[in-house]
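Worksheet for the structure shown next.
Number of protein chains: 2
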Amino acid sequence: MIRTELKRGTAELAILSVLEEGPLHGYEIGRRIEEHSAGALRYTLAALYPLLYRMEHRGWLRADWVTGDNGKRRRCYRLTSRGKKMLKPMRAEWADLFRALRQVAKVSHA
Amino acid sequence: MIRTELKRGTAELAILSVLEEGPLHGYEIGRRIEEHSAGALRYTLAALYPLLYRMEHRGWLRADWVTGDNGKRRRCYRLTSRGKKMLKPMRAEWADLFRALRQVAKVSHA
DNA sequence: TCGCGATATATAGGAAGCTTACATATAAGA
DNA sequence: TCTTATATGTAAGCTTCCTATATATCGCGA
Numbered sequence: 033m034i035r036t037e038l039k040r041g042t043a044e045l046a047i048l049s050v051l052e053e054g055p056l057h058g059y060e061i062g063r064r065i066e067e068h069s070a071g072a073l074r075y076t077l078a079a080l081y082p083l084l085y086r087m088e089h090r091g092w093l094r095a096d097w098v099t100g101d102n103g104k105r106r107r108c109y110r111l112t113s114r115g116k117k118m119l120k121p122m123r124a125e126w127a128d129l130f131r132a133l134r135q136v137a138k139v140s141h142a
Numbered sequence: 033m034i035r036t037e038l039k040r041g042t043a044e045l046a047i048l049s050v051l052e053e054g055p056l057h058g059y060e061i062g063r064r065i066e067e068h069s070a071g072a073l074r075y076t077l078a079a080l081y082p083l084l085y086r087m088e089h090r091g092w093l094r095a096d097w098v099t100g101d102n103g104k105r106r107r108c109y110r111l112t113s114r115g116k117k118m119l120k121p122m123r124a125e126w127a128d129l130f131r132a133l134r135q136v137a138k139v140s141h142a
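For the protein sequence lines, the chains are B and P, in the order given. For the first sequence, this note's numbering gives the first residue as 33, with consecutive numbering after it. For the second sequence, this note's numbering gives the first residue as 33, with consecutive numbering after it.
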């Protein structure tokens with residue numbers, strides 16, 4: 033698992049990215065991020081929920097209360113067009129950081 | 033310039049890396065990091081100095097007061113053997129984060 | 001010579017992001 | 001019945017880095 037100090041700032045991009053594949057509820061978003069990173073990137077739900085509200089408030093996500101077959105209520109999040117537009121510049125920012133760290137600190141890109 | 037939220041955690045590795053080339057004083061450390069990253073990675077001196085103390089206290093750096101030709105006192109920092117040993121695992125940690133973000137968020141490695 | 005910008009070190013207070021701990025509730029399996 | 005997994009949410013705290021502030025010397029141009 034990657035340390036907190038390193039992964040700061042990664043959560044928003046990770047959320048946007050997993051929602052790019054389709055709508056998901058909060059708990060599942062956390063699961064997908066962990067799965068896609070083979071366990072390297074993991075967020076507590078206490079970190080994810082406040083982030084989801086903030087991103088909804090910014091207009092990056094839309095949230096709908098959905099009642100499943102079993103009668104359980106879940107909050108289903110989907111990307112808005114505004115949220116989709118954030119993906120490209122955010123990926124570019126991270127690519128910039130990667131490049132800078134390879135130059136300054138000789139971090140490999142393997 | 034890369035945003036604060038992204039670059040959190042990068043400062044320690046950047047400092048260790050520029051000191052790998054040879055001893056430097058605080059002000060020059062900041063300059064080198066900026067130079068090596070073509071201006072992408074930049075830290076205020078108010079961020080660097082407390083970090084340097086902390087790293088000295090941990091035994092990663094040794095600091096010597098040096099009086100230059102012009103009579104100006106400067107604090108010269110150099111890597112200790114303990115500091116050198118930190119470089120490899122820290123680079124590996126960052127490489128892990130890069131890999132995870134490429135997988136989860138499709139951040140390019142270009 | 002007088003101010004100004006660059007060099008150089010240092011501290012205080014604050015913002016942001018993620019964590020642990022707490023709180024609640026249902027469903028599935030041992 | 002007890003535990004684990006699913007599911008959402010709040011409160012308090014830590015770390016990291018920033019802005020603002022303070023101090024002091026050097027070299028340069030006016």
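Glycine is no exception: its CB is placed at the ideal position from the N, C-alpha and C atoms.
Burial state of B:Arg131 (16 or more Cβ within 10 Å): Taking the first residue of the first sequence as 1, we reach residue 131 of chain B at position 99. By the 10 Å Cβ count, B:Arg131 comes out buried.
DSSP-derived helix/strand/coil call for B:Thr99: For the purposes of this step, residue 99 of chain B is taken as residue 67 along the first sequence, with counting starting at 1. Residue state, collapsed to three classes: strand.
Local conformation of P:Tyr109 per DSSP, three classes: On the second sequence, residue 109 of chain P is found 77 positions in, with the first residue counted as 1. Note: P:Tyr109 maps to strand in three-state DSSP.
Residue(s) in a DSSP beta bridge with B:Leu93: As a position in the first sequence, residue 93 of chain B is number 61, starting the count at 1. DSSP lists B:Leu111 as partners of B:Leu93.
Closest Cα partner of B:Glu41 within the set B:Ala95, B:Leu80, B:Glu53, B:Gly91: The residue labelled residue 41 of chain B in the question sits at position 9 within the first sequence. Per the sequence shown, the amino acid found at residue 41 of chain B is Gly instead of Glu. With distances taken between Cα atoms, B:Gly41 lies closest to B:Leu80.
Option in B:Arg107, B:Glu67, B:Ala124 with minimal Cα separation from P:Val139: As a position in the second sequence, residue 139 of chain P is number 107, starting the count at 1. Out of B:Arg107, B:Glu67, B:Ala124, B:Ala124 has the C-alpha closest to the C-alpha of P:Val139.
Residue-chain proximity (B:Val139, chain P), Cβ-Cβ < 8 Å: Taking the first residue of the first sequence as 1, we reach residue 139 of chain B at position 107. Yes, B:Val139 lies at the interface with chain P (some Cβ there is under 8 Å from its Cβ).
Buried versus exposed, by CB contacts within 10 Å (16 or more), B:Leu77: Taking the first sequence and counting its residues from 1, one reaches residue 77 of chain B at position 45. Burial call: exposed.
8 Å Cβ cutoff, P:Lys39 in contact with chain B: Position 7 of the second sequence, counted from the start, is the residue given in the question as residue 39 of chain P. Yes, its Cβ sits closer than 8 Å to a Cβ of chain B.
Contact set between the stretch 60 to 88 of chain P and chain B, restricted to residues whose Cβ is under 8 Å from the partner: Ile65, His68, Ser69, Ala70, Ala72, Leu73
Chain-ordered chain B contacts of P:Trp126 [CB-CB under 8 Å]: Position 94 of the second sequence, counted from the start, is the residue given in the question as residue 126 of chain P. Per Cβ cutoff of 8 Å: Leu38, Leu133, Ala137, Val139.
CB contact check: B:Thr99 to chain P, cutoff 8 Å: Locating residue 99 of chain B in the first sequence gives position 67, where the first residue counts as 1. Chain P contact via Cβ: absent.
Endpoints, the alpha helix (DSSP H) within which P:Tyr59 is located: Mapped onto the second sequence, residue 59 of chain P falls at position 27. Segment 58 to 68, the alpha helix (DSSP H) holding P:Tyr59.
Spatially closest choice to B:His89 from B:Tyr75, B:Gly115, B:Ser69, by CA coordinates: For the purposes of this step, residue 89 of chain B is identified with residue 57 of the first sequence, where counting begins at 1. Closest option to B:His89, Cα to Cα, is B:Gly115.
Spatial distance of B:His68 from B:Pro55 (CA atoms): Against the first sequence, residue 68 of chain B aligns to sequence position 36. Against the first sequence, residue 55 of chain B aligns to sequence position 23. Roughly 16 Å separates the two Cα atoms.
Three-state class that DSSP yields for B:Val136 in the structure shown: Sequence index remark: in the first sequence, residue 136 of chain B carries index 104 (1-based). Helix.
Cβ separation of P:Ala72 and B:Asp128, assumed to be a contact under 8 Å, to the nearest whole Å: Your numbering for residue 72 of chain P matches position 40 in the second sequence. Your numbering for residue 128 of chain B matches position 96 in the first sequence. With 8 Å as the limit, P:Ala72 and B:Asp128 qualify as a contact, their Cβ atoms being about 6 Å apart.
Neighbourhood of P:Thr99 by C-beta, 6 Å cutoff - its chain only, sequence neighbours within 5 removed: Taking the first residue of the second sequence as 1, we reach residue 99 of chain P at position 67. Closer than 6 Å at Cβ, skipping near neighbours: Arg105.
Cβ neighbour criterion (16 or more within 10 Å) applied to B:Lys120: On the first sequence, position 88 is the one that residue 120 of chain B refers to. Classification of B:Lys120: exposed, given that the 10 Å Cβ count is below 16.
Min CB distance B:Arg35 to chain P below 8 Å: Here residue 35 of chain B refers to the residue found at position 3 of the first sequence. Closer than 8 Å to some Cβ of chain P, the Cβ of B:Arg35 qualifies, so yes.
Bounding residues of the alpha helix (DSSP H) (the contiguous stretch that carries P:Thr42): Here residue 42 of chain P is taken as the residue at index 10 of the second sequence, counted from 1. Note, P:Thr42: alpha helix (DSSP H), 42 to 52.
Own chain residues within Cβ distance below 8 Å of P:His141, not counting five before or after: In the second sequence, counting from the first residue as 1, residue 141 of chain P sits at position 109. Correct list, in chain order: Phe130, Arg134.
Close beta carbons around B:Ile61, own chain, < 8 Å, minus the five adjacent residues each side: As a working note, residue 61 of chain B is residue 29 in the first sequence. Excluding residues within five positions, the ones whose Cβ falls inside 8 Å are Ile47, Val50, Leu51, Leu80, Leu84, Tyr109.
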